[in-house]
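The block underneath contains the structure these notes are about, expressed in structure tokens.
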Amino acid sequence: PDSPWRIRMIRGHVEQEEIFIGSSSLITVTLISRKATLMGGIIDTGIDDDGSVSHYVETEQCLEIGNNFLSFVMVRGAVPCFYDTELQREFEMHDAAFKFHIKSMIE
């Protein structure tokens with residue numbers, strides 16, 4: 001049950017649009033993308049021992065046309081292999097570039 005102290009949320013995106021075809025046909029299109037909470041960081045790559053892949057996202061496309069409902073699910077993620085990505089520069093250089101990036105996004 002919902003309460004004023006709890007909010008339902010997902011790590012992802014939800015968007016819905018209503019499209020009119022002709023004068024009376026209505027199609028409702030809904031996209032729901034859910035990003036996994038495991039293996040979601042910058043350093044995480046490939047797969048872990050439990051079978052979770054990095055950057056895993058499940059996207060569901062829903063179409064409602066009259067009394068009909070259609071759903072299509074797509075999944076994407078990193079290649080399910082064990083591999084690493086080596087940092088090319090010292091950590092301090094990454095930190096400075098990251099701060100420049102965030103500053104430019106805010107401006």
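According to full-length UniProt numbering, the residues represented by the sequence shown are 1 to 107, in order.
Every residue, glycine too, gets a C-beta built ideally from N, C-alpha and C.
- Message: Which same chain residues end up closer than 7 Å to V79 when comparing Cβ atoms and leaving out the 5 residues on each side of it in sequence?
- Response: The sequence position of residue 79 within the sequence shown is 79, counting from 1. Excluding the 5 residues flanking it on each side, V79 has same chain C-beta neighbours closer than 7 Å at G46, in chain order.
- Message: Does the structure place the region 63-78 close enough to the region 86-102 that three or more beta carbon pairs sit under 8 Å?
- Response: At 8 Å Cβ cutoff, the stretches do not touch.
- Message: DSSP has V75 in a bridge; who is on the other side?
- Response: Here residue 75 corresponds to residue number 75 of the sequence shown, with the count starting at 1. Residue pairing by DSSP puts V75 in a beta bridge opposite E58.
- Item | For I32, three-class secondary structure by DSSP | Counted from its first residue, the sequence shown places residue 32 at position 32. DSSP, reduced to helix, strand and coil, places I32 within a strand of the structure shown.
- beta strand (DSSP E) segment containing F20, residue limits: Taking the first residue of the sequence shown as position 1, residue 20 is located at position 20. Unbroken beta strand (DSSP E) run through F20: G12 to I21.
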